[in-house]
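Just so you know, the sequence shown maps onto residues 0 to 623 in numbering that gives the first Met the number 0.
Quick reminder that beta carbons are idealized off the backbone N, C-alpha and C, glycines included.
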Amino acid sequence: MELKPYIPPEKSLPEYTVKAFVLGIVLSIIMGAANAYLGMYAGMTVSASIPAAVISMAILFAFKDRNILENNMVQTAASAGESLAAGVIFTFPALVVLGYYTTFPYYIVTIIAALGGSLGALFTIVLRRAFIAEEKLPYPEGMACAEVLIAGERGGSHAKPILYGGIFGGLFKLFGSSGLWSGTVEAAKMVGSRVYYLGSDLSAALIAVGYIVGLNIAFLVFLGGAIAWFIAIPIYAGQMGHTDLGPLDLAWTIWSTKIRYMGVGAMVVGGLWSLIKLRNPIRRGIRAGLEVAKRKQSGEAILRTEEDLPLNYVLMLIAAFVVPLFLLYFHIIGSVGIAAIMAVILLIVGFLGSSIAGYLAGVVGSSNNPVSGITIMSLLFTAFALKALGLSGMEGMAATILVAAVICTAAAIAGDTMQDLATGYMVGATPKRQQVFEMVGTFFAALVMAPVLNLLIQAYGIAGTPTAKENALAAPQAFLMAKVTEGVFTGNLEWNMIYIGAGIAIALIILDEILAMKGSKFRTPVMPVAVGIYLPLSLGVPIFIGGLVKHFVTKSRNEEGENPTDPGVLGAAGLIAGEALMGIFFAALIVAGIAPSSGFSSNILGVILLAGIALWLYMTGRRK
0 MELKPYIPPE KSLPEYTVKA FVLGIVLSII MGAANAYLGM YAGMTVSASI
50 PAAVISMAIL FAFKDRNILE NNMVQTAASA GESLAAGVIF TFPALVVLGY
100 YTTFPYYIVT IIAALGGSLG ALFTIVLRRA FIAEEKLPYP EGMACAEVLI
150 AGERGGSHAK PILYGGIFGG LFKLFGSSGL WSGTVEAAKM VGSRVYYLGS
200 DLSAALIAVG YIVGLNIAFL VFLGGAIAWF IAIPIYAGQM GHTDLGPLDL
250 AWTIWSTKIR YMGVGAMVVG GLWSLIKLRN PIRRGIRAGL EVAKRKQSGE
300 AILRTEEDLP LNYVLMLIAA FVVPLFLLYF HIIGSVGIAA IMAVILLIVG
350 FLGSSIAGYL AGVVGSSNNP VSGITIMSLL FTAFALKALG LSGMEGMAAT
400 ILVAAVICTA AAIAGDTMQD LATGYMVGAT PKRQQVFEMV GTFFAALVMA
450 PVLNLLIQAY GIAGTPTAKE NALAAPQAFL MAKVTEGVFT GNLEWNMIYI
500 GAGIAIALII LDEILAMKGS KFRTPVMPVA VGIYLPLSLG VPIFIGGLVK
550 HFVTKSRNEE GENPTDPGVL GAAGLIAGEA LMGIFFAALI VAGIAPSSGF
600 SSNILGVILL AGIALWLYMT GRRK
């Protein structure tokens, strides 16, 4: 049965308005900055579409001439900021890890972020009809956002959970950063020659992430951590023999120098499997998109809700965006030939990566989209290609990361674009207008990426680098990109660990296929487990707790599947935004030398307050 949009195609409402433009830009910048912090800290970001939609509804409620399509344009632009942040923080900090940069040049970050992200939006245009209208992929966050927008026609009351969540998340981060409790509660113990570790970050945002992604994904992230910290690290420590390191230092050293490469192997296999699984849907998507373009060129009437940007405009814009990137690469590398090959790689691999990201967003949502896995695959291909062309050392590694940065931002924006277009498909938006607003949000968010990254680097630093401060950010994906690139150019990759991770991924793929054949609700996608192996266990624990909270909320409401208007999701989004924005604010205080510090510290107090936030999230989620 064909879905009937909330606003029928025959009806036309204002979508391009001054209110939507200004609010979309402001929220894009805020969401981008907040998620840059969250991604550097936890290695993941969450979709900003629903929070942006709720905030937009609350603000636009004051205007009499508001409409749902205007709200949809706001969330389209705003969510681009969050997705762009993911693409930027997954790659650019790798250049700090490698020692190529100590701070981020504004023009390089801005050009790559703006043009790479916009390419991602353009690459998906020929795929929209096939993936959304014909394949009918669920696009869970896109459909949830549409439900929130439709429900929001009743008024702005949905903003309360996100407001309270923002206050709680911000205050919890403020108290923790002031020294009232440690960022992580952890302990390690030697049992014979083996070391066993247990720890948890005290973070409201991570509990919120677990709530949003649900128990299945949250458990798999924790499972990855358990494989690394409860099995692999003790076994490796037992083989090392005597060491002068204490238990905590030993566990962290083994994980950071050896075990996390298992996550690399798992991600590479997961990315290749995604390519294999998606080859036919991508082919159908391209064919369907081109067919619609031909119909329009022949003069056939196309419904407003089926109008994409014209194909000739798309091709011209792609060329207009690739040429400056080619010139930037030439400026950095100094070789026309190599710069041209870098541009060709980003075009071909960027389109494939964006297609995969757009499809997977329809299956697992934007928040769970394995953009880092797609980027690792493109990074390996680029690194081997540039090495074969004679690039070596720091020049080769930097060139590889700069190509991967374009592909990563393109893939991140591609997934978000498809999610937003799915929302538009339900509410009756005009696709071509959303596609333009996606690029508008991308361009404006790109303007603040470099300043935010520089602020975070100066205030916290990146763990494992000379920039690291006491509360250094993990930046796990960026660290991964740096080490994989370095390994290719030096020939010193931890291949044994990568092979073990690949074996784990193959086992998970087989199990997932068996579960799919049996129709099981529980599935075992590779990427969450791979991320869990690569991230510290202390991040996986609160994510798992958040997943449990969501599970108990679902049970208490006697629901089957997701509730798209779950107030707990809005509360969780508020917790994330509050903690992330306070983290950036505190970073500014640290850089200015005026950060507050308490003379009292109690981890027990932090645990109790975090439990209280989890309870509040549970009670919020139970509300009808």
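Report task. May I ask which residues mark the beginning and end of the beta strand (DSSP E) holding V220? Result -> For V220, no beta strand (DSSP E) segment is defined; the enclosing uninterrupted segment is the alpha helix (DSSP H) at A203 to A225.
**Report entry** Spatial neighbours of K10 in its chain, beta-carbon cut-off 8 Å, leaving aside the 5 residues before and after
**Finding:** Closer than 8 Å at Cβ, skipping near neighbours: G427.
Query raised in the report: Taking the continuous beta strand (DSSP E) assigned at L197, which residues delimit it?
Result: Counting along the chain, the beta strand (DSSP E) containing L197 begins and ends at R193 to D200.
Report task. Excluding the 5 residues preceding and the 5 following H241 in the sequence, name in chain order all residues of the same chain whose CB lies nearer than 8 Å to its CB. Result -> Same-chain partners within the cutoff: S192.
**Report entry** Anticipated Cβ contact below 8 Å, S78 with M142, distance rounded
**Finding:** In fact, because the Cβ distance is near 14 Å, the residues do not count as touching under 8 Å.
Query raised in the report: Hey, would you say the C-beta of S519 is under 7 Å away from at least one heavy atom of the ligand FMN?
Result: Inclusion of the ligand FMN in the displayed structure is not the case, the ligand content being empty and no account of it being possible.
**Report entry** Neighbour-count burial assignment, I347, 16 or more Cβ in a 10 Å radius
**Finding:** Looking at its Cβ environment, which holds fewer than 16 other Cβ atoms inside 10 Å, I347 is exposed.
Query raised in the report: Does the distance from the CB of A85 to the CB of I532 come in under 8 Å?
Result: Going by beta carbons, A85 and I532 fall outside the 8 Å limit.
**Report entry** Assigned secondary structure, L388 (DSSP; H/G/I helix, E/B strand, else coil)
**Finding:** Coil at L388, not helix or strand.
Requested in this report: Please say whether L472 and M39 have beta carbons closer to each other than 8 Å?
Outcome: Going by C-beta atoms, M39 is nearer than 8 Å to L472.
Requested in this report: Measure the C-alpha to C-alpha separation of A410 and G352 and round it to an integer number of angstroms.
Outcome: The alpha-carbon atoms of A410 and G352 are separated by roughly 6 Å.
Requested in this report: Flag this pair as yes or no: are the beta carbons of A204 and F167 separated by less than 8 Å?
Outcome: No, Cβ-Cβ distance for A204 and F167 is not below 8 Å.
Query raised in the report: Using CA coordinates, which residue listed in E437, Y424 and F383 is at the minimum distance from T408?
Result: For T408, the nearest C-alpha among the options comes from E437.
Report task. Just list the alpha helix (DSSP H) runs in the stretch 263-346, keeping only unbroken ones of 4 residues or longer that don't cross its boundaries, in chain order. Result -> Qualifying alpha helix (DSSP H) stretches, in chain order: 310-332.
Requested in this report: Decide if R294 is buried, meaning its Cβ has at least 16 other Cβ atoms within 10 Å, or exposed.
Outcome: Exposed is the call here.
Query raised in the report: What do you reckon, are the CB atoms on I653 and V439 nearer than 8 Å?
Result: A question about residue 653 goes unanswered here, because the residues of the chain that appear run from 0 up to 623.
Query raised in the report: Looking at I497 and G264, is the spacing between their C-beta atoms short of 8 Å?
Result: Contact check for G264 against I497 passes: the beta carbons are separated by less than 8 Å.
Report task. Count the other CB atoms, across all protein chains shown, that sit within 10 Å of the CB of K554; report buried if there are 16 or more and exposed otherwise. Result -> Its Cβ having fewer than 16 others within 10 Å, K554 is exposed.
Query - Exposed unless 16 or more other CB atoms sit within 10 angstroms - verdict on M315 - result: Counting Cβ neighbours within 10 Å, M315 comes out exposed, since fewer than 16 surround it.
Requested in this report: Indicate the three-state DSSP secondary structure (helix, strand or coil) for A61 in the structure shown.
Outcome: The answer is coil: DSSP assigns A61 none of H, G, I, E or B.
Query raised in the report: Since K520 is in the beta strand (DSSP E), which residue starts that stretch and which ends it?
Result: Unbroken run through K520: none, as it is neither H nor E.
Query raised in the report: Given a threshold of 16 other Cβ atoms within 10 Å of its Cβ, counted over all protein chains shown, does V313 qualify as buried or as exposed?
Result: Buried, by the Cβ-count rule.
Requested in this report: Please report the residue range of the beta strand (DSSP E) in which A120 lies.
Outcome: DSSP places A120 outside any beta strand (DSSP E); the residue lies instead in the alpha helix (DSSP H), whose first and last residues are Y105 to F122.
Requested in this report: Rank L609, G546, A586 and I275 by C-alpha distance to the C-alpha of G620 and give the top, closest one.
Outcome: Of the candidates L609, G546, A586 and I275, the one whose C-alpha sits nearest the C-alpha of G620 is G546.
Report task. Report all residues from its chain with a CB closer than 8 Å to the CB of E394; omit the five preceding and five following residues, and keep chain order. Result -> Same-chain partners within the cutoff: I332.
Requested in this report: Look up A186 in the DSSP assignment and say whether it is helix, strand or coil.
Outcome: In this structure, A186 counts as strand in the three-state DSSP scheme.
Query raised in the report: Per DSSP, what kind of secondary structure is L472 in: helix, strand or coil?
Result: Of the three classes helix, strand and coil, the one that applies to L472 here is strand, per DSSP.
Query raised in the report: Does the stretch 498-517 come close enough to the stretch 166-180 that 3 or more CB-CB pairs lie under 8 Å?
Result: Between the stretch 166-180 and the stretch 498-517 there are fewer than three C-beta pairs closer than 8 Å, too few to call the two in contact.
Query raised in the report: With respect to the alpha helix (DSSP H) encompassing D248, which residues constitute its N-terminal and C-terminal limits?
Result: Looking at the DSSP string, the run of the alpha helix (DSSP H) that includes D248 is P246 to I253.
Requested in this report: Report the option in T90, L326 and Q418 whose CA atom is closest to the CA atom of G372.
Outcome: The shortest Cα separation from G372 among T90, L326 and Q418 belongs to T90.
Report task. Give the secondary structure of I461 by DSSP, where H, G and I count as helix, E and B as strand, and everything else as coil. Result -> If DSSP states are grouped into helix, strand and coil, I461 belongs with the strands.
Query raised in the report: Can you name the start and end residues of the alpha helix (DSSP H) that Y617 belongs to?
Result: Where Y617 is concerned, the enclosing alpha helix (DSSP H) stretches over N602 to R621.
Query raised in the report: If you draw a straight line from the alpha carbon of A403 to that of D64, how long is it in whole angstroms?
Result: So the alpha carbons of these two residues sit roughly 44 Å apart.
**Report entry** Per-residue burial, D307 [other beta carbons within 10 Å of its own, 16 or more giving buried]
**Finding:** The residue is buried, with at least 16 neighbouring Cβ atoms inside 10 Å.
Requested in this report: Specify the secondary structure class of L510 as computed by DSSP and reduced to three states.
Outcome: Residue state for L510 is assigned as helix, using DSSP reduced to three classes.
Report task. Whole angstroms is fine: what's the gap from E469's alpha carbon to G349's? Result -> One alpha carbon belongs to E469, the other to G349, and they sit about 37 Å apart.
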